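Okay, so here's the structure we're looking at.
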Amino acid sequence: MKQTARNILLLLWLTGIFAGCSTKKNTPASRAYHNVSARYNVYFNAKESLKAGLQRIDKSIPDDYTRTLPIFKSALPEAAKVATSEMELAIAKCNKLIAIHSITKSPRRKTNNSERYKKFASKGEYNEYVDDSYILMGQASYYQHDYHRAIENFNYVIRKFPSEPTRYDAFLWMAKCYIEADDYTQALEIFNSLSRDAGFPKRLNQDLNLAQANYYLKDNQPDVAITHLKIALETSLPRTEKLRLNYVLAQLLVQTDKPEEASKQYLHVIKMRPNYQMAFNARISRMELAGGDSTETSHQLQKMLDDEINAEYRDRIYYTKGEIALKEGLKQNAIADFKNSVRYSTSNTKQRALSSLSVARLFFEDNNYLQAACYYDSAVAVIDATYPGYAEIITRASGLKRLANDLNTITREDSLQKLALLTDQQRTTLINNIIADLQKTEASQTIAESVALTDQNYFRSQQNRQQIGVSNNQNLWYFYNPPTVGLGKTEFQRIWGKRKLEDNWRRKNKLSTGENDTEQVAESENNTTIAETKKKATDPKKADFYLQDIPLTDSLMTVSNERIKGAMFDAGRIYRTDFNDLPRSIEALEKLNQRFRGSIYELPAFFELYQLYKQSGNELKTAEYKQKIISGYPESKYAKYLLDPNYFAQLEERKSTVEKKYSEALRLFQSYNYAKAKEVALATLAMKPDSSLLPKVKFIEVVANGPGQEKIAFADSLDRYAKEYSPSPTAVIALQIKDLIRTNSLADSQQLVAKGYIANEIVNEETKRLNDHSNDDFGGKFSYDEDMFHYYVIAFSKEAKVDVSRLIYDIANYNLDYYTSTDFDIEPINLDSKTQLVVVRSIPNKEESLIYFRSIMRKRPVFQALKGIEYVNFVASSSNYRTIIADKDYLDYLRFFIKNYSSYISSNIPADELPNPQELLAKARKEEETAEKGKFVLIQPGSKDSTGLVKPAVKVEYKGPYSQKTNVTYCYTLIFLKKQNDEAKLIKAFESFNQANFGAASIKVSVESLDDNRSILIVNGLGEKGSAMAYLQKSVSDSSLNKLIGGNNFRKFIITNENLVIFKKEKNLIQYMEFFNQVK
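Just so you know, my numbering puts 672 at position 662 of the sequence shown, and the rest follows in order with no gaps.
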């Protein structure tokens, strides 16, 4: 009984103890219990999981010694997904700690409280490991490259624990996040702030210097990075990390042209006894830095090649030999060594890329484009968008590939034509010799192929080279090139089947090319001669394989010649446009005209030669080709341009006039004024509209003439129209009306209107909008015509000192990637003394221009030249663009654009990616193919929608705290960080801006506190939405405000006064922007 009583008492005592440790109580016992439990249980396990994840990253990702090693391996793109499970577990543990161990209840009040106790009692959190948990969660998100989520955690620590030491950890890690997110401005501000803070803890000095070294390394300031790296290396570091950072230091010393110091640093790394790979690369790097006589270095490299332990590093050794040979001016030796390096790169794709590019550039310098194409293609197969100079490499590789295809087409077709001219006996003998040589070659290549097949990527790159068909002798007989012969079937299918020559293993859109125009000509002229169903021979060791492609008939010979013509013309253009090799371009085009006089390429080739000789400064030849064009093709656009340089501008103006005339005819037609519609349609036809508009204008003229004709005559005219303009959509409508007349379904032509087959039942929504806009918000200043050519425009301040050439280059690369079959013009325009425009011409219509606009603005690499600079971008029809130029101002048009096109005009664009423009356009075409704007649509009588107009999509109802109302006032708002900005200076700047630009006493500026960290500047008295938006855009283009608020630590938008009250309560910018985008 006594023992039982003791057990009961013990149980009651323990129950009391644990009850007293509830997080709902804040006592010394509860705090001690939850601190100990948090530290040695949950938080310990979270830290261990984080450590395990970092170890996995270190072991899983090999170092790339062909480039400067990153200071933090975890920042590499491939590291993001390596340790997901460990990082997510760490986050889960921290969440658990916060959920079950957080103590937020204030302690019981004491009488005669000391200052120390008052400070303690004012804390918002009483568990010492909650702030550490938020830091650790942020770190785990950082290692997963989820920088937005990481910054949120660090920001929370800064806001909620402003007096705790962990706030310094939060600031430091936030800076690291900004660096990896390429927001260098924010990162530098944090570093400057921490450097000035006297309370910054010494325990974080090492981390701070490493983070700063990483910042300056990424910002291409290796000298400053070296300074911080040396300071960090003076502190205690784990051995593996110290080795890595010493190696990085050596690489940076090389970059800063300090070879002697770098050599000593590499030697220091070797003495630290690193793993074999690092030691090997350190020794190799020291050899590359060695000056003087290279005999001893070459001897050492040869010994390393002979040592089997270095078998897997032969690619690196040969590359070093090539670098040394290049320094000594031995280019051919360097090429041989680089080629050997590529050959031995069976597993190290990084080295293969570097070696391939090195030899490719040497071939390119010597204008050996076929060999250069081979090695550029090998490099492209293994690099990604993070590779240095990626855009330039891809652009050059694309041009070389297209050139190689053209040159191989010429070689192939010439060989086939020579075979066709032989007798049967000569042809049989030659083919038998080719097969015998091929069999011998196959036997000798068996060993080499087995080695290459050990690495799938290498095999593919070699396969791709064969596809290009590189030959050391361009005059070599086609069928004596076994690799090219082996790909005969692929080449045949590409030409006859109009297939794009793409590598299946390559990423989407990396080197996309357009259809060959010559193939289209050959296809259209000879599609009846091709037996598509005939099975093709595929074995190059059988005679049928060679005989099947020989052009033995006149029609096949014509097709072969068309291929050669197209390839010669394309090659000539590529030499000039891609490589600026004017002599070779001239040679190719002149050879084309000499060999195929009077071909369809003669005129464009003449004009190309005119431009080439003009660019070369050869006035005599320039005049010669100008005269050839004017006298030989007097009615061509080329001739008219040469006689009048303003011809194309006048042509565009004329096209705009024709489109407006057509719109007038359509308006009259829809208003049943057939006589006047016919008159205007005839006037439009006299102006010679283009092929896209001609069928529509003619249809109005024919149908408008119907009421004055007999039924049979009307039906005959419709029949003639349908035959002349088939297969246009309006031809189909004409035939349907004709059938109704001839079957007596309509008593007379007037019933066509009553039955709903013409007039208002013609859907032409874009011209309907042109009817009358003189009373719109813009006083009829801007055109609503959607079928005009549109331009994409970027506008920014000249004071921003933008590298315009770089911006144009990046846009051109984007166009090359996504619009391979369209040749857009890109040019810089001075709008006024303060504003620079970059204009992309000419996008066919509004729909395609918006697809271009919405796609390009999500491709942030295109706008690298505008990084950190406020700019606006928009699309405008050719008519509206001329209005902008005439006004020397785009602000009025921006209001029009926002209302009729899109609300996105600035650099603050959505982060999501869109499909490429071709996919978007195809989708739009598919969705609208039954009711395309600008189409004539025949509406059957009795349909529910007698107007024939497309019903608008049902709008999704917005559910949230904000409301949309018309005829209400808006205000301009600017959110900024309190610590980093001077409120008085901001108010003064805006008051000066208002006085200078608006001079309105009713415009008031004020600043209010939004939360502990942020304030909001409010500009009232702007009026309704249009005026507020104009104010916003004016502020964006103002240079004095840009200097003050041009950074990323400001957020600008407009908002109604009613919604502003809600926003100040919710304090959620993302929530408001979602509302604004949904109801815009």
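Backbone N, C-alpha and C define an ideal beta-carbon position, used for all residues, glycine too.
Note that the coordinates shown come from a computational prediction; the quantities given were computed from them, not determined experimentally.
Closest by C-alpha distance to Asn219, when choosing among Pro211, Ala242, Asp267: Ala242
Nearest-angstrom Cβ-Cβ length linking Ser1019 and Ser1025, presumed shorter than 8 Å: 6 Å
Candidates Thr195, Glu244, Asp193: closest to Asn215 by CA position: Glu244
Contact check, Tyr903 vs Phe873, beta carbons under 9 Å: no
Three-state class that DSSP yields for Ile839 in the structure shown: strand
Where Ile1028 falls: helix, strand or coil (DSSP): strand
Three-state secondary structure (DSSP) of Phe806: strand
Close-in-space but distant-in-sequence residues of the same chain around Lys551 (CB under 8 Å, 5 per side omitted): Ile445, Leu448, Gln449
Tyr329 versus Ala335 - alpha carbon distance: 10 Å
Simplified DSSP assignment, three categories, for Phe210: coil
Same chain only: Cβ atoms within 6 Å of Leu930, ignoring 5 sequence neighbours per side: Any answer about Leu930 is weak, because its pLDDT of 49 lies below 50 and its placement is not dependable; what the coordinates show is given next. Closer than 6 Å at the Cβ level, and outside the excluded window around Leu930, lie Ile861.
Rounded straight-line distance, which links the Cα of Tyr672 to that of Gln761: With a pLDDT of only 49 at Gln761, under the threshold of 50, the placement of this residue in the model should not be trusted; the figure read from the coordinates follows. Taking the straight line from one Cα to the other gives about 25 Å.
Counterpart residues of Ser800 in DSSP-defined beta bridges: Inspection of the sequence shows that residue 800 is occupied by His rather than by Ser. In DSSP, His800 forms a bridge with Ile853, Ser887.
Three-state class that DSSP yields for Leu1079 in the structure shown: helix
Limits of the unbroken beta strand (DSSP E) element including Leu432: Per DSSP, Leu432 belongs to no beta strand (DSSP E) and is neither H nor E.
Neighbourhood of Glu1091 by C-beta distance below 6 Å, restricted to the same chain and skipping five residues each side: Because the chain spans 11 through 1090 in this model, residue 1091 falls outside it and cannot be assessed.
Ile113, enclosing beta strand (DSSP E) - first and last residue: Unbroken run through Ile113: none, as it is neither H nor E.
Selected residue, minimal CA-CA separation from Asn823, among Thr548, Ser425, Ala407: Ala407
Nearest residue (CA-CA) to Lys1035, options Asn991, Pro971, Phe906: Phe906
Counted within 10 angstroms of its Cβ, other Cβ atoms place Arg605 as buried (16 or more) or exposed: exposed
First and last residue of the uninterrupted alpha helix (DSSP H) at Thr632: 629-642
8 Å contact criterion, which Ile420 and Met567 should meet: CB distance rounded: With 8 Å as the limit, Ile420 and Met567 do not qualify as a contact, their Cβ atoms being about 15 Å apart.
Pair within 9 Å by beta-carbon distance, Ala292 and Pro284: yes
Among Ala90, Asn350, Arg892, Asn343, the one whose alpha carbon lies nearest that of Glu663: Arg892
Three-state class that DSSP yields for Lys450 in the structure shown: helix
Nearest-angstrom Cα separation, counted from Leu1032 out to Tyr1041: 8 Å
Ile404 (DSSP reduced to helix, strand or coil): helix
Val1015 in three-state terms, based on DSSP: strand
Local Cβ density within 10 Å of Ser151, reported as buried at 16 or more and exposed below that: buried
Own chain partners of Leu253 with C-beta closer than 8 Å, once the 5 adjacent residues on each side are dropped: Val279, Met282, Pro284, Met288
Three-pair Cβ contact test at 8 Å for the stretch 139-148 versus the stretch 47-58: yes
Endpoints, alpha helix (DSSP H) assigned at Thr694: 684-696
Coarse secondary structure for Val392, derived from DSSP in three states: coil
Where Phe1063 sits in the DSSP three-state scheme: strand
Residue environment, Ser1050, which counts as buried when at least 16 other CB atoms sit within 10 Å: exposed
With 16 other Cβ atoms within 10 Å as the buried cut-off, status of Ser425: buried
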